[in-house]
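Chains as they are written, first to last, in the working numbering: chain A, 252 to 565; chain B, 100 to 583.
Yeah, the Cβ is synthetic: ideal placement off N, Cα and C, and Gly gets one too.
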Amino acid sequence: MLSIDPSKKNSFQRFISDGDLVIVYERHDNMKAVKVKKGSELQNRFGVFKHSDWIGKPFGSKLLSSKGGFVYILAPTPELWTLVLSHRTQILYIADISFVISYLEIVPGCVILESGTGSGSLTTSLARAVAPSGHVHTFDFHEQRAGLARDDFERNGLSNLVTVAVRDIQGEGFPDEFQGIIDSVFLDLPQPWLAIPSAARMLKQDGVLCSFSPCIEQVQRSCEALRSNFTDIRTFEVLLRTYEIQEGRIQSSDGGDESYRRITHTRRKRQCISSEDTGENADKATSTTTVMVRPCQEARGHTGYLTFARLNCQ
Amino acid sequence: MAGELVGGHHTSSVNPRITWEGCSVLLDINDGDRLVFARLSPAATLKIGDKKCSLRPLIGCPFGSLFRVETGPNGPHLERCVHSPSGANDMGVQEGGDRQLESESKDNRALIDNNSAQNLSSEDIDAMRRDGATGDEIVEALIANSSTYENKTVFSQEKYKRRKQKKYAPKVLLRRPFTRSICEAYFKKYPNRIGFLRIDTLSLLLSFANISAYSDVLLVDMVGGLLTGSVAERLGGTGYVCNTYFGGTSHSLDIARIFNFSSEFDSRIVQASYSHLCSVESLDEERSKMHEIDHPAGIQSIIGRESSTKCDPSTGSTQIQEVQSLRNDNSSLDEELGNTKENLSSGQEGLHENNATITYKAVNPGKQASPDAIKMWKEKGFNSLIVAAPELEVDSIVQKLVPLLSYSAPFAIYHQYLQPLATCMHKLQSSKMAIGLQISEPWLREYQVLPSRTHPQMQMSGFGGYILSGTKISNNSEDCNGNQ
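The following block contains the structure:
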């Protein structure tokens, strides 16, 4: 996933090869991670796709099925991975993830602690942020979940940046070996206040901690626990509103004072408005087209509260 | 000591946690009332209230240190102090249940606003100062002489105390210049200079564009260099940040100089005009000019060779001029950020002076990209693109820049207005240049978290801009090898 090896960096000259993990894109809301294997096939509503047809094509290519349907094959990124990973727990999404990375001041070379690992959605972005020389130590008390996350990191080529361990951080705290050498800590735990004293011991002076909690009561207790050793305690909620666009046709009717203009949506088969449509519209003298934009109907109303705090400088 | 720290800074890729002479810092005065970017030197001074303090005591201190203005025999000076255990933001949180109950039953029905609550006159306070009272002692005296203080709730007592502390015992917090602190400082004081780019929006741009080590990132940064700096910070001295521009004039990258980038980091920040990035002819021309220092290098050697972006003898003179003007710009920038409510003319001079004498450690990001690098980008494509150009017509430049990306490369376009992005998205859809297109608008709300008093803050930023994100695709579905 990450171009730690510059020769594997995404470029015009990098082609899909046997064994690559790729993202199969059907639509913006329908994607899937697939390991390319000679002899394998992908079957979906657009037909049967032979993996061997993909090998040697550049990433970003549109590839056809036996039936003439198509998909795009993309190189994985942490953002795409967040959309395709298997949900073993509730996961963090891009708005929270991106804010956490900036606010925790994570830059290449940082050493980070995370608990719990969950489905590894945030971990993948943490790994990207500390690469090439830093490291993410992530802990989950659920053995099977930790194992599956480890497999995912392996498949994405992140093993040298992420270490997954099984440990109950609320009960046992972080391992002593990290004492005083950690740049930032991320907590996504049901009772984060239990882990905060340990996190404080791990952090370097002025290091930043973030706790993600869905409920305000958790935030309340965490903030109380933070006040003894931390400063600059701030709680945020960050959300994304997405917009959709429509091409509209404006039709004028000439009726003197009664004249009006009506906007109708141009028919669209898929996401894309084909160029033929636009050509057709141009023929009609009475109608012009316009691009209209509105917020999407469905939106995420709440994910969690993000509480940040900075370890006191003594 | 400073010398050692500078050495450590050069070898370590992580932003160091202790200041050194010549280091860029953000000074947070009284919990964000004033934010000043400064460079530390023994000669640098800062004016707080009516007192001029040397910044020398800040050299060699860990970031996060807190200072107070104290008056000693040699006049006012900054002295390091410890954070109060309850931190700066809380109000009466350590109080036991009894006290809190008592406070909940208090209210302001008996409060009469006749300006007679304070028995201490300004002459009294001046006298105390002359006798060498510390700021904290003055605050205590003010509280003791306030007839209404006792009847206030715990929370308004705390508020009162903090207000007085700001005036009589100002605090200076030493902060690391990072994307987070720089963006927040500008957003608070000069949002128009960074195109109203809020920190959550900036963070999203960096994520959507998959900024990661070893990436070659194409930028249009018309937000003063904030974008350039934040991308370079994420690259950690690997890959390249290539700033492109239209119409012959490159954009200012002043803000990128506030980051404490080592020379290695700076060498990764280059500029190239759009016509340079595109035209093969000009490339060949330059190649012949550059012949003596040019290696017919493949991508590997360019990546490994930091010097490939340096030392172009033909453009050497213009570079120096550029650096010069950058320096001047930057010093005025320091002034202006420092120059808020209180008018601090001499403080400005101090910082200005400071800027002129400090030996910069190669703080000159934005050299012209080498022909080799341009050739490499033509062959391989950029790994990602971010556009933050509030003043440009976004649609046409995106149509021009997306083809410079390698296939499957993500991009993120920032704009303050929605309609231009909608038009841009529609064009990209129609031309089948990109998929996964999405316009998003981030929303950020901060909370006050206190026992029995938790609620969203009364003031919030109503607008952080819009982002159009997507992934470039290859258009020719069948003949995928003919991609040039």
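Going by C-alpha distance, which of the options is nearest residue i?
i: G307 of chain A; options: A:I324, A:G320 and A:S317; result: A:I324
i: S317 of chain B; options: B:S505, B:R261, B:D212 and B:F358; result: Sequence check: residue 317 of chain B is Leu here, not Ser. Looking at the Cα atoms, B:S505 is the closest of the given residues.
i: L409 of chain A; options: A:P426, A:F392, A:P383 and A:D419; result: A:P383
i: S435 of chain A; options: A:S376, A:S303 and A:V362; result: A:V362
i: P426 of chain A; options: A:D403, A:D439 and A:A450; result: A:A450
i: D130 of chain B; options: A:D304, A:R485 and A:P546; result: A:R485
i: P546 of chain A; options: B:Q217, B:E540 and B:H525; result: B:E540
i: Y339 of chain B; options: B:G480, B:L549 and B:G294; result: B:G480
i: T541 of chain A; options: B:N482, B:N218, B:E363 and B:C523; result: B:C523
i: P156 of chain B; options: B:W542, B:R179 and B:N173; result: B:R179
i: S372 of chain B; options: B:K288, B:K499 and B:G569; result: B:K499
i: R552 of chain B; options: B:V253, B:S573, B:A243 and B:L145; result: B:V253
i: N342 of chain B; options: B:Q467, B:M227 and B:N359; result: B:Q467
i: L364 of chain A; options: A:F263, A:R472 and A:D439; result: A:D439
i: D391 of chain A; options: A:V322, A:K259 and A:S366; result: A:S366
i: R339 of chain A; options: A:K283, A:S303, A:A400 and A:N480; result: A:A400
i: Y248 of chain B; options: B:D206, B:P502 and B:S495; result: B:D206
i: N250 of chain B; options: B:A216, B:A268 and B:I496; result: B:A216
Can you tell me where the alpha helix (DSSP H) holding residue i begins and where it ends?
i: Q497 of chain A; result: No alpha helix (DSSP H) contains Q497 of chain A, which is instead part of the beta strand (DSSP E) from F481 to S504.
i: P509 of chain B; result: Run containing P509 of chain B: none in the alpha helix (DSSP H); it sits in the beta strand (DSSP E), P509 to H514.
i: P448 of chain A; result: I447 to M453
i: S351 of chain B; result: Segment: none, S351 of chain B is in no alpha helix (DSSP H) and carries neither H nor E.
i: P175 of chain B; result: Careful: P175 of chain B lies outside any alpha helix (DSSP H), inside the beta strand (DSSP E) at G174 to C180.
i: A226 of chain B; result: S221 to R229
i: S349 of chain A; result: I345 to Y354
Provide the residue span of the beta strand (DSSP E) that contains residue i, from first to last.
i: R138 of chain B; result: R133 to R138
i: L253 of chain A; result: Premise fails: L253 of chain A is in no beta strand (DSSP E) and is neither H nor E.
i: Y506 of chain B; result: It is not in any beta strand (DSSP E) - Y506 of chain B carries neither H nor E in the DSSP assignment.
i: W332 of chain A; result: W332 of chain A -> not in any beta strand (DSSP E); alpha helix (DSSP H) instead, spanning P329 to V335.
Can you tell me whether residue i is buried or exposed? The criterion is at least 16 other CB atoms within 10 Å of its CB, across all chains shown.
i: D271 of chain A; result: buried
i: M557 of chain B; result: exposed
i: P359 of chain A; result: buried
i: A498 of chain A; result: Contrary to the premise, residue 498 of chain A reads as Glu rather than Ala in this sequence. That one is buried.
i: D280 of chain A; result: exposed
i: L567 of chain B; result: buried
i: M559 of chain B; result: exposed
i: S444 of chain B; result: Reliability of the predicted coordinates at S444 of chain B is poor, the pLDDT of 31 falling under 50, and the value obtained from them is presented with this limitation in mind. So S444 of chain B ends up on the exposed side.
i: R418 of chain A; result: buried
i: T558 of chain A; result: buried
i: I354 of chain B; result: buried
i: S123 of chain B; result: buried
i: D320 of chain B; result: buried
i: H350 of chain B; result: buried
i: I501 of chain A; result: exposed
i: S416 of chain B; result: Below a pLDDT of 50, predicted positions are generally treated as unreliable, and S416 of chain B, at 31, falls in that range; no measurement from the model is reported.
i: H554 of chain B; result: exposed
i: N214 of chain B; result: exposed
Along chain A, which residues have their Cβ under 7 Å away from the Cβ of residue i?
i: P541 of chain B; result: A346, V489 and L491
i: F307 of chain B; result: E330
i: V181 of chain B; result: Q565
Name the chain B residues that come within less than 7 Å of residue i, Cβ to Cβ?
i: Q457 of chain A; result: Reading the sequence as shown, one finds Asp at residue 457 of chain A and not Gln. In chain order: R116, P161, F162 and G163.
i: I467 of chain A; result: T553
i: Y354 of chain A; result: R279
i: F350 of chain A; result: D299 and S302
i: F310 of chain A; result: Y506 and S507
Which residues in chain B sit within 8 Å of residue i, going by Cβ to Cβ distance?
i: P213 of chain A; result: Here chain A has residues from 252 to 565 only, and residue 213 of chain A is not among them.
i: S376 of chain A; result: S306
Counting only Cβ pairs nearer than 9 Å, list the residues of chain B close to residue i.
i: A400 of chain A; result: Those do not exist, as A400 of chain A stays about 20 Å from chain B at its closest Cβ, beyond 9 Å.
What in chain A is Cβ-close to residue i, meaning under 8 Å?
i: N482 of chain B; result: S254, K260, N261 and S262
i: P509 of chain B; result: T328 and E330
Since residue i meets chain A, which of its residues come closer than 9 Å, beta carbon to beta carbon?
i: H514 of chain B; result: Result: empty, since nearest Cβ-Cβ is about 12 Å, beyond 9 Å.
> Should the region 342 to 351 of chain A be regarded as contacting the region 288 to 306 of chain B, the criterion being three or more beta carbon pairs within less than 8 Å?
Replying inline: yes
>> Assess contact between the region 439 to 453 of chain A and the region 510 to 525 of chain B, defined as three or more Cβ pairs (one per stretch) separated by less than 8 Å. Is contact present?
In response: no
> When the Cβ atoms of the region 455 to 468 of chain A are set against those of the region 393 to 403 of chain A, are three or more pairs found closer than 8 Å?
Replying inline: no
>> Could you check whether the region 266 to 277 of chain B touches the region 134 to 148 of chain B, counting it as contact only if at least three pairs of C-beta atoms, one from each stretch, sit closer than 8 Å?
In response: yes
>> Contact between the region 329 to 337 of chain A and the region 299 to 318 of chain A is defined here as three or more beta-carbon pairs at a separation below 8 Å; is this criterion met?
In response: no
> Using 8 Å as the threshold, is the region 308 to 328 of chain B in touch with the region 474 to 492 of chain B, meaning 3 or more CB pairs across them?
Replying inline: yes
> Does the region 254 to 261 of chain B come close enough to the region 218 to 234 of chain B to have 3 or more Cβ pairs within less than 8 Å?
Replying inline: no
>> Assess contact between the region 114 to 129 of chain B and the region 160 to 169 of chain B, defined as three or more Cβ pairs (one per stretch) separated by less than 8 Å. Is contact present?
In response: As far as the Cβ criterion goes, the region 114 to 129 of chain B touches the region 160 to 169 of chain B, which means the pair count is three or higher.
> For the region 291 to 299 of chain B against the region 263 to 272 of chain B, are there 3 or more C-beta pairs whose distance is under 8 Å?
Replying inline: no
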